[in-house]
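A.B. asks: Protein chains in written order, with my numbering: chain A, 1 to 261; chain B, 1001 to 1261. Here you go, one structure.
Protein chains: 2
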Amino acid sequence: MLIGAAMMPHGNPVLKPEDEGTRKLAEALKEIGEEFSKAEAYVIISPHNIRMSEALGVIMAENLISWLGFGEVQLPGEYKTEKELAREIYQRAKANGLPVVDINFASLSGEYSRFPLTWGELIPLHFLEKRPVVLLTPARKVSRATLVEFGEVVGEVLEEYDKKVAFIASADHAHAHGNGPYGYAPEAKEYDELVMRIIQENRLEKLLEIPDELISKALPDSYWQLLVLYGVLKKVPMKVKLAEYACPSYFGMGAALFVRE
Amino acid sequence: MLIGAAMMPHGNPVLKPEDEGTRKLAEALKEIGEEFSKAEAYVIISPHNIRMSEALGVIMAENLISWLGFGEVQLPGEYKTEKELAREIYQRAKANGLPVVDINFASLSGEYSRFPLTWGELIPLHFLEKRPVVLLTPARKVSRATLVEFGEVVGEVLEEYDKKVAFIASADHAHAHGNGPYGYAPEAKEYDELVMRIIQENRLEKLLEIPDELISKALPDSYWQLLVLYGVLKKVPMKVKLAEYACPSYFGMGAALFVRE
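Written out as structure tokens, the structure reads:
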């Protein structure tokens, strides 16, 4: 059963907040962690793990191991994959005709069946109690409808699963807020405000109206995972329990918690 | 241009040979290394990296980094991906309707675009001078014809490429020779002898006649990569320069070098 869903950022600043906004954001992440302590497994979709242009990924490797941090920040972490749930998501998505691949590594099972984690997973997981995980990866060159449909499949599978599961979209927003490697574009603020309003109002269907041009200028790492989150929430409608946003450097970060009505 | 092709094992024993047969095998690997010192890039297909059931993989990540050894043996290693060649293989395979995905990791480019290597790549690469690499991954649940066709596409792309390239199939043979984790099956010896004979006689088309049952009982890590090698050699016929085999533990290892006529 799906007990909740969240959007969680993966930027280093939430680990050591240096301003009031980021502190509030980190507090929100802790609240998500408390809410999700009821879960027996997490499903997390991350933009900084496997990146395939046109295929959605379900990581099947048994052991998920910290490998790559951003900057000098490397969180440790070892997680088990909730394999039965991963297999069910893969098979159901495939049966629905979605462009999905199952990804194992090195060996099909046992200690050598391992997969590397990055800041994209480790930072959200840092705020959550340790549980088995299913790691999913989005794709940017599939249609918006495909991403939503994948979310619907995930929502359906999680709802039917016999353990309590929480869904997490790892997502940072626009990267073109200036003073960073991606320069400045006014669309960054526009995108972030729009997305946070859509989330606060719990009208994620509005994500589908965001023009490609706004997305490509704002440079978010969130849009594709949010469409999957929308699909999940289409299947299992929930209410917004909290939403926070901060932009302490060149990229926007937001947190949101959805719980059952 | 394709300057040569090889089958290379990835078992730890070739790193520290303890018997005459394995010493000869390691010598053959050094000879492959000398022959391939003429190459400007390598394309290697490995069974111990990404494992997808039904999709062939082309690793697009810029940096390939040692991550996972077998047992206590961890070779270091950092390689650059020959990105242009990787992209061409992916695009050509896709244009040919093959089930192929492009795999990047963490970031699309730059220092965070990294991918982990295992013993499946590091041991063959250990015998070769350092060059940029394209890493490919096979799949076991696609048809034999698909694997051969993928090899043909790879052969065609390598032949047209403006740098000198060598193709390497990382492959260990049957794992059911006994005294190991996979037990004993007489089919292990049968498979290994058959495959080495096929290679020595340079009649790789005979691979297609090997029954599924023999493969499933022998438990090789070679069959699928050898079909891709066959496809490469179909496009660019070569002669066998050397072939060696040893079985110092529970799995068979073979080396073969193909050079242009």
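All C-beta atoms in this analysis are idealised placements derived from N, C-alpha and C, irrespective of residue type, glycine included. Predicted, not measured: the structure shown is a model, and the values here were computed from it.
Tell me whether residue 90 (chain A) sits in a helix, a strand or coil according to DSSP, three-state version.
C.D. replies: helix
A.B. asks: At a CB-CB cut-off below 7 Å, which residues of chain A make contact with residue 1104 (chain B)?
C.D. replies: 51
A.B. asks: Look up residue 63 (chain A) in the DSSP assignment and say whether it is helix, strand or coil.
C.D. replies: In the structure shown, residue 63 (chain A) adopts extended strand secondary structure according to DSSP, grouped into three states.
A.B. asks: Determine whether the beta carbon atoms of residue 1259 (chain B) and residue 1077 (chain B) lie at a separation below 7 Å.
C.D. replies: Going by C-beta atoms, residue 1259 (chain B) is not nearer than 7 Å to residue 1077 (chain B).
A.B. asks: Expressed to the nearest angstrom, what Euclidean distance is found between the alpha-carbon atoms of residue 1162 (chain B) and residue 1040 (chain B)?
C.D. replies: 10 Å
A.B. asks: For residue 116 (chain A), does the three-state DSSP call read helix, strand or coil?
C.D. replies: strand
A.B. asks: How many angstroms separate the CA atom of residue 1045 (chain B) from the CA atom of residue 128 (chain A)?
C.D. replies: 38 Å
A.B. asks: Across which residues does DSSP place residue 184 (chain A) in a beta bridge pair?
C.D. replies: A:177
A.B. asks: Which residues, in order along the segment 111-122 of chain A, keep a beta-carbon less than 9 Å from a beta-carbon of chain B?
C.D. replies: 112, 113, 114, 115, 116, 118, 119, 120
A.B. asks: Take residue 1117 (chain B) as the anchor and find which of B:1086, B:1050, B:1171 has the nearest alpha-carbon.
C.D. replies: The residue among B:1086, B:1050, B:1171 with its C-alpha nearest the C-alpha of residue 1117 (chain B) is B:1050.
A.B. asks: Is DSSP giving residue 98 (chain A) helix, strand or coil here?
C.D. replies: Residue 98 (chain A) sits in coil when the DSSP states are folded into three classes, being neither helix nor strand.
A.B. asks: Which value, in whole angstroms, describes the spacing of the CA atoms of residue 1036 (chain B) and residue 1 (chain A)?
C.D. replies: 55 Å
A.B. asks: Quick one: which chain E residues come within Cβ less than 7 Å of residue 1108 (chain B)?
C.D. replies: In the displayed structure, chain E is absent; the protein chains listed are A and B.
A.B. asks: Residues of the segment 1134-1155 of chain B with a CB closer than 7 Å to any CB of chain A: list them in chain order, please.
C.D. replies: none
A.B. asks: Among B:1245, B:1225, B:1257, B:1017, which residue has its Cα nearest to the Cα of residue 1135 (chain B)?
C.D. replies: B:1225
A.B. asks: Checking contacts by CB at 7 Å: is residue 101 (chain A) closer than that to chain B?
C.D. replies: yes
A.B. asks: Where does residue 21 (chain A) fall in DSSP's three states?
C.D. replies: In the structure shown, residue 21 (chain A) falls within a helical segment according to DSSP collapsed to helix, strand and coil.
A.B. asks: With DSSP collapsed to three states, give me the class of residue 1005 (chain B).
C.D. replies: strand
A.B. asks: Can you give, in chain order, each stretch of the beta strand (DSSP E) that sits fully within the segment 107-156 of chain A and has at least 3 residues?
C.D. replies: Complete beta strand (DSSP E) runs here, min 3: 114-118, 133-137.
A.B. asks: Under 8 Å, with one C-beta from each stretch per pair, do the segment 1119-1128 of chain B and the segment 1188-1202 of chain B reach the 3-pair mark?
C.D. replies: no
A.B. asks: Output needed in chain order: residues of the segment 166-199 of chain A with a Cβ under 8 Å from some Cβ in chain B.
C.D. replies: none
A.B. asks: Look up residue 1242 (chain B) in the DSSP assignment and give the residues it is bridged to.
C.D. replies: B:1257
A.B. asks: Indicate whether the contact test is met: 3 or more Cβ pairs, each with one atom in the segment 19-35 of chain A and one in the segment 1075-1093 of chain B, closer than 8 Å.
C.D. replies: Taking a contact to require three or more Cβ pairs closer than 8 Å, the segment 19-35 of chain A and the segment 1075-1093 of chain B do not qualify as touching.
A.B. asks: Is the CB of residue 1068 (chain B) under 7 Å away from at least one CB in chain A?
C.D. replies: yes
A.B. asks: Skipping 5 residues on each side, what residues in its chain have a beta carbon closer than 6 Å to that of residue 214 (chain A)?
C.D. replies: 187, 191
A.B. asks: Going by beta carbon distance, what residues of the same chain come within less than 6 Å of residue 246 (chain A), once the five residues before and after it are set aside?
C.D. replies: 21, 22, 25, 253
A.B. asks: Give me the subset of the segment 1020-1053 of chain B whose CB atoms are less than 8 Å from a CB atom of chain A, sorted by chain position.
C.D. replies: 1048, 1049, 1050, 1051, 1052, 1053
A.B. asks: For residue 1105 (chain B), I'd like the list of residues in its chain whose CB is within less than 7 Å of its CB, leaving aside the five on either flank, ordered along the chain.
C.D. replies: 1061, 1113, 1114, 1115
A.B. asks: According to DSSP, is residue 1215 (chain B) helix, strand or coil?
C.D. replies: Residue 1215 (chain B) sits in a helix when the DSSP states are folded into three classes.
A.B. asks: Under 7 Å, do residue 1232 (chain B) and residue 1155 (chain B) count as touching if we go by C-beta distance?
C.D. replies: In contact: residue 1232 (chain B) and residue 1155 (chain B) (Cβ atoms closer than 7 Å).
A.B. asks: Report the neighbours of residue 1086 (chain B) on chain A: residues whose CB is nearer than 8 Å to its CB, in chain order.
C.D. replies: Result: empty, since nearest Cβ-Cβ is about 13 Å, beyond 8 Å.
A.B. asks: Figure out for me which residue from A:97, A:110, A:240 has the closest Cα to the Cα of residue 255 (chain A).
C.D. replies: A:240
A.B. asks: At what residues does the alpha helix (DSSP H) containing residue 1161 (chain B) begin and finish?
C.D. replies: That residue, residue 1161 (chain B), is in no alpha helix (DSSP H); it is neither H nor E in DSSP.
A.B. asks: May I have the straight-line CA-CA distance separating residue 54 (chain A) from residue 1101 (chain B), to the nearest angstrom?
C.D. replies: 7 Å
A.B. asks: At the level of alpha carbons, what is the spacing between residue 208 (chain A) and residue 179 (chain A)?
C.D. replies: 29 Å
A.B. asks: Could you tell me which residues DSSP pairs with residue 1043 (chain B) in its beta bridges?
C.D. replies: B:1134, B:1167
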